[in-house]
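Have a look at the structure below before the remarks.
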Amino acid sequence: MCMVIFAPIFAVCAFATCGGYSGHLRVRVECLDKSQSNLSITVNFAYPFRLQQVHFQPTLCERNRQESIFLVGDYSSSAQFFVTVAVFAFFYSLMATVVYIYYQNKYREGNRGPLVDFVVTVLFAFMWLVSSCAWAKSLSDIKSATDPTQVLLLISACRYPANRCSASHHPVWSELNTSVVFGFVNFILWTGNIWFVFKETGWYKTGQRYPMRSASGRRANGMSQRLYSQSSFEQSGDSFYQHPCRQASFDQSRESFGQQHYSQGSFNQSIGSFRLPQTRLGQPIIISQGDVTSKGLNPIIFVNDI
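All letters in the sequence shown, in the order written, are residues -16 to -1, 1 to 290 by mature numbering (1 follows the signal peptide of the UniProt record, and there is no 0).
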């Protein structure tokens, strides 16, 4: 949306305020001989600011003689570079506006269109920065070169104390100052538009499809998994209690298990109460063979229960 609405407008404002500028300064030379004075010397200059080609003819204050004086400096390269960037940015923003409005589906079909748009947007943002900085520096030099007090130093008649020289009119710089402001505004605009163009490329979509997980993200994911498992366990418990047949069978199995436990306990008690009799042999009784045969006695075994 920024590209569609603001980029063409600010580009037009940038090259119009710079490329359409024309200014002038005016100085006066009052000679000792009043008849030789020149009270209105006008110096005109304009875009592309080749000041070394700007000349004027002040008086020499002697016998109506004049001299040709040229200003100092050539600032056409930075000024033309700034205007060229503004013009190409204007045409590209218009073309991008047409594509965004009427050819949106074809623009989104492949990745070539968004990639080209992204590269061109980055290039224009960089060019706006470079051209704006260069033009701001050149404008500062132009102001110094066209300062009437500096121009008076170039006039030979002003070097004599008997003659009086002064500036009657200074150039107006508001238009050129505005052009510098529009240059940096365009840089900010195109730099901000880089993000919106990057979102249309395949690089951004690939990053969204396979996002990088940070440590906090992994911890949050693990916590969500634990919460999900806990909720699923609670749901399974609720579903278990919601089925009476399962609960009844579980109760029956629990009761049968209690009965088995009871039978096992009784069996353990019976084992504990059951004791085998212990036998202890008393003192042996020695009976001779004669006695056995004569008396017919059987051996006797004493069993003592404890």
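Cβ atoms here follow ideal geometry from the backbone N, Cα and C, with glycine treated the same way.
Are residue i and residue j close, meaning C-beta to C-beta below 7 Å?
| i | j | result |
| --- | --- | --- |
| Val181 | Asp131 | no |
| Ala118 | Cys45 | no |
| Pro98 | Thr175 | no |
| Ala129 | Val56 | yes |
| Gln88 | Asp58 | no |
| Ser122 | Ser62 | yes |
| Gly167 | Ser124 | no |
| Pro155 | Gly7 | yes |
| Tyr91 | Val83 | yes |
| Leu173 | Ala(-10) | yes |
Pick from the options: whose alpha carbon is nearest that of residue i?
| i | options | result |
| --- | --- | --- |
| Arg34 | Ser60, Asp17 and Cys45 | Ser60 |
| Phe(-7) | Trp179, Ser77 and Gln36 | Ser77 |
| Thr162 | Gln20, Phe(-2) and Pro98 | Phe(-2) |
| residue 291 | Val(-5), Gly4, Phe(-11) and Pro(-9) | Any question about residue 291 goes unanswered here, given that the chain covers just -16 to 290. |
| Cys2 | Ile126, Lys183 and Val56 | Ile126 |
| Ala120 | Leu173, Phe66 and Val83 | Phe66 |
| Val164 | Arg92, Phe29 and Leu113 | Leu113 |
| Ile(-12) | Ser62, Ile25, Phe74 and Pro32 | Phe74 |
| Asn22 | Met79, Tyr84 and Arg47 | Arg47 |
| Leu136 | Phe54, Arg96 and Val104 | Phe54 |
| Ala30 | Met79, Asn95, Gln64 and Arg92 | Gln64 |
| Arg143 | Ser6, Pro(-9), Arg96 and Leu16 | Leu16 |
| residue 293 | Val27, Val104 and Arg49 | Residue numbering for the chain in the displayed model covers -16 to 290; residue 293 lies beyond these limits and cannot be assessed. |
| Gln134 | Val(-5), Val27 and Cys(-4) | Val27 |
| Val71 | Asn170, Lys183 and Glu51 | Asn170 |
| Ile139 | Arg96, Val(-5), Glu51 and Gly94 | Glu51 |
List the residues that DSSP assigns as beta-bridge partners of residue i.
| i | result |
| --- | --- |
| Cys2 | In the DSSP output, where bridge partners are listed per residue, Cys2 has none listed. |
| Ile126 | Note: Ile126 sits in no beta bridge, so no partner. |
| Val13 | Asn22 and Cys149 |
| Asn28 | His8 |
| Arg34 | Asp58 |
| His39 | Phe54 |
Could you pull the start and end residues of the alpha helix (DSSP H) that residue i belongs to?
| i | result |
| --- | --- |
| Leu92 | One point to set straight first is that residue 92 is Arg, not Leu, in the sequence displayed. First-last of the alpha helix (DSSP H) with Arg92: Gln88 to Glu93. |
| Val156 | Element bounds for Val156: n/a, residue is neither H nor E. |
| Thr133 | Pro132 to Leu136 |
For the structure I just gave you, are there three or more beta carbon pairs, one from the region 4 to 12 and one from the region 145 to 161, closer than 8 Å? Yes, they touch.
Would you call the region 40 to 50 in contact with the region 98 to 115, where contact means no fewer than 3 C-beta pairs closer than 8 Å? Touching, no.
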